[in-house]
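Residue numbers (our numbering), protein chains in the order written: chain A, -8 to 294; chain B, 3 to 440.
C-beta atoms are modelled at their ideal positions from N, C-alpha and C, and glycine is treated no differently.
Structure first, then comments.
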Amino acid sequence: MIIVDYRNIFFALSGLLVLASFGALAVFGLQIGSDFTGGTLVQVRYDTRPAVEELTRSLDSAGFEGYSLREAENTDYILRAGNLSEAQRAGLKTTLSIGDTYTSEITQLTEVGPTIGKELRNKAFFALALVLICILFFIAFAFRKVSKPISSWVYGLIALVTLAFDVTIPLGAFAIFGELWGAQIDSLFVTAILTILGYSVHDTIVVFDRTRENLRLNEEHSRKEDFAHTAGRSLKQTFVRSMNTSVTTLIALTILYLVGPDSTKDFALTLLVGIVAGTYSSIFLATPLLVAVERWRAGKGAR
Amino acid sequence: MLKMRLVALFILLCGGGLGWFVYSPAASAIWPFKLGLDLSGGTQLVYRADTSNIPGSEVSDSMAALRDTIERRVNLFGVSEPIVQTQRGGTFAGAPEERLIVELPGVTDTQRAIELIGETPVLEFRMLKEGADTSQLSTSTVDELFEPAAITGKHLANTQLQFQTGTGYANEPVVVLNFNAEGKDIFARLTSENVGRLFGIFLDGVPISIPVIREAIPDGTAVISGGFQAEEARELARNLNYGALPVPIELLSTQTVAGTLGAKAVQDGLRAGLWGIGLVALFMVLWYRLPGVIAVVALSLYIVLVLSIFKLLGVTLTAAGIAAFILSIGMAVDANVLIFERMKEELRSGKSVSDGIREGFARAWLSIRDSNISSMITALILFWLGTSLVKGFALVFGIGVAVSMFTAIIVSRSLLISVGVTAKDGIARFLFSSGTRL
């Protein structure tokens, strides 16, 4: 199996991707949305869009501080600011219309108080921890039967390594999206990450399950087969399945990103990246890692 | 075989029926799709209720009274189908707190919505603490001087405007509070036990009247004489009649989406759904041929089944929910792919087509179960912990996972077997083969 034979190339590629993600995270950082920090998000639509400077002057005089203004699609602006005062909220439309100079419509206004922000943040961490614990149990359960020549916990450990890969890549991608069009970490992003975790852990387990099934069959029929060969054969058997289920999911997500609602575009893109990473890791990372561990152990035993 | 075909026919008829149910205007009139505020347009306001001055045992009653009052208030202003609910929140950011969530479909002016709720007066009763003096009012806070009284705003039945006459009263307008049956008893006990103490009546946190309790009041009335102008008193009486808030509320968060934006999101979501279904179906037919066609039939059944469930359970659809549905279309065929790949292996090993189908289904089952379990875990956790936005995603995703398991196993299997291809060569081989191979 070509993927197993040239595993070092894929290790290098995976390593590069992870490094690139960390690089993006270090350079751009992640922008945390008002969901989690508390604050205000306003989307406003104009008949004709005023210049940024004009709008900035109007906002400044209305007492807005530390806000960010970004041009959005069509003739929209997206304004992110701290929590509004009563007067700021009441005069928001006038401020954005710069008196009566422009015709504006506030199409979206979301205000999150500081307590709610903190609560959502804590909930997000809690949900992430809970999903990880459940996945750990799931992996422990899936690999409870001891098998040779690799013990169960190695399968579990490698499944975890691929999961870490699956989360790192979309995080890095999101740092780049943040830089490019101001994408922000919000509840939907966390949802996407959790969905990716659920999806890809299973993808890896399907491949490993096949490996163990083939190992068992070999033992039953007293066949002698090199471990790398068995693993490669198993990978080949599950390859089309892995690709095809990803392809249908990716078709749906690509469509969602291209023509779906604006509010779920970043969500669709995060899932796209995550599921590509998940499929890649379960095919090009999981089994090659398994073979590498087996080789390393065999080498140690021979010495 | 005949039995399988009858089952298949039954399934197809059910599918047709559900399809009619989803699309017919007659059924939609009774069971319409429920759209969330982000799709229909409207405002959601989340308030924190300050229950610190309410005895612990009274909190849930007071919250219910708060909800009813706000609901009356909102209905008064002609908002259609408002949703007002209470929620215990905040366990993830310190002490738990009582919340009030108000959803106003069609109201897209946040400020107006806030004012609409904000005009509702907060009526509170408190006893002046022993040893405290009203002359300290200017230097101390209300909480330092007053303690909660057993009676609260929720015991108010109605109010009346009266003009007090007699010596010393220059025809002064007063507001008479009539308590309900429960309030009457509480007030009688309170007044009889506290003769000589000062009783504070607070409106929106401000003491407007602090009379001395001279004697027990058994008839369940209290008088607010706050030196009102006639117009002021009339307005107060009217506002209190619509209901007074038993506890003060504080705005925590707001969310407003304009109807135009929501309508566009629905349109985009619908278009994405149709394109998604079309392309996934095309891929399945091109790659898996006959089983692919069956997978598409199963997928169509999946879609009408899920949409029917949305209608019957009254699932509130949000943009995130639509995203979950489209994602689930891609994942729903996952089970079919697993089965077909297994099936092909069985065929390759020389089994007949019908044996291959049976074996393929049997062997793929474990994989399908596990994959759905891991997705279901994610959906459950998200639903349990998520905000309304995330809940919308999790619910649709969870329903999708559960239903897709059913359609892939039961529907695909019955249909595939009842097609009844038994030949081992030629066309049958072609139909059950896949990919680019002929």
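Item	Value
Residues from the stretch 307 to 340 of chain B in contact with chain A, defined by Cβ distance under 7 Å	321, 322, 324, 325, 328, 329, 331, 332, 333, 335, 336, 339, 340
Beta bridge counterpart(s) of residue 51 (chain B) as assigned by DSSP	B:100, B:251
Inter-residue Cα distance where the pair is residue 81 (chain B) and residue 118 (chain B)	11 Å
Sequence-distant residues of its chain with Cβ nearer than 8 Å to residue 288 (chain A) (five each side left out)	140, 141
Chain B within 8 Å of residue 30 (chain A), Cβ atoms only	no
Nearest to residue 125 (chain A) (by Cα), restricted to the options B:391, B:390, B:383	B:383
CA-to-CA distance, residue 246 (chain A) to residue 11 (chain B), given in whole angstroms	33 Å
Cβ neighbours of residue 281 (chain A) in the same chain (closer than 8 Å, five flanking residues each side left out)	141, 145, 146, 149, 199, 202, 222
Beta-carbon separation (whole angstroms), residue 181 (chain A) vs residue 115 (chain A), contact threshold 8 Å	5 Å
CA-to-CA distance, residue 283 (chain B) to residue 89 (chain A), given in whole angstroms	51 Å
Length of the line joining the Cα atoms of residue 223 (chain B) and residue 179 (chain B)	5 Å
Residue 371 (chain B) to residue 43 (chain B) span [Cα, whole Å]	39 Å
Chain B contact residues for residue 178 (chain A), given Cβ-Cβ distances below 8 Å	388, 389, 391, 392
Minimum Cβ-Cβ distance from residue 267 (chain B) to chain A less than 8 Å	yes
8 Å Cβ cut-off: residues of chain A touching residue 395 (chain B)	179, 182
Spatially closest choice to residue 261 (chain A) from A:57, A:77, A:56, A:165, by CA coordinates	A:165
Own chain residues within Cβ distance below 7 Å of residue 150 (chain B), not counting five before or after	55, 56, 57, 128
Rounded C-alpha distance that separates residue 91 (chain A) from residue 34 (chain B)	41 Å
Top-ranked residue by Cα proximity to residue 208 (chain B), from B:124, B:23, B:351, B:7	B:124
Residue ranges of each alpha helix (DSSP H) within the stretch 22 to 64 of chain A, 4 or longer	25 to 28, 43 to 52
Below-8 Å beta-carbon distance, residue 175 (chain A) vs any chain B residue	no
Chain A contact for residue 367 (chain B) (CB, 8 Å cutoff)	no
Interface partners of residue 411 (chain B) on chain A, CB under 7 Å	In chain order: nothing, as chain A lies at least about 16 Å away.
Whole-angstrom distance between residue 215 (chain B) and residue 174 (chain B), CA atom to CA atom	20 Å
Assumed close pair residue 109 (chain B), residue 45 (chain B) - CB separation to whole angstroms, cut-off 8 Å	5 Å
Rounded Cβ spacing between residue 95 (chain A) and residue 35 (chain A) (contact assumed at less than 8 Å)	5 Å
Neighbour list for residue 351 (chain B) in chain A, Cβ cutoff strictly below 8 Å	Within 8 Å Cβ-Cβ: nothing; residue 351 (chain B) doesn't reach chain A, min ~12 Å.
Three-state secondary structure assigned by DSSP to residue 440 (chain B)	Any reading at residue 440 (chain B) needs caution, since the residue's pLDDT is 47, under 50, leaving its predicted position unreliable; the model's value is listed next. Note: residue 440 (chain B) maps to coil in three-state DSSP.
Within 8 Å of chain A by C-beta, residues of the stretch 30 to 62 of chain B in sequence order	40, 48, 50
Assigned exposure category for residue 277 (chain B) - 16 Cβ within 10 Å defines buried	buried
8 Å Cβ cutoff met for residue 226 (chain B) and residue 212 (chain B)	no
Stretch pair the stretch 23 to 33 of chain B + the stretch 312 to 319 of chain B: three plus CB contacts closer than 8 Å	yes
Interface flag, residue 64 (chain A) vs chain B, CB-CB below 8 Å	no
Residue 420 (chain B) at chain A interface by Cβ criterion, 8 Å	no
Contact list for the stretch 215 to 228 of chain A against chain B, Cβ threshold 8 Å	228
Selection of the stretch 279 to 309 of chain B by Cβ proximity to chain A, strictly under 8 Å	281, 282, 285, 286, 289
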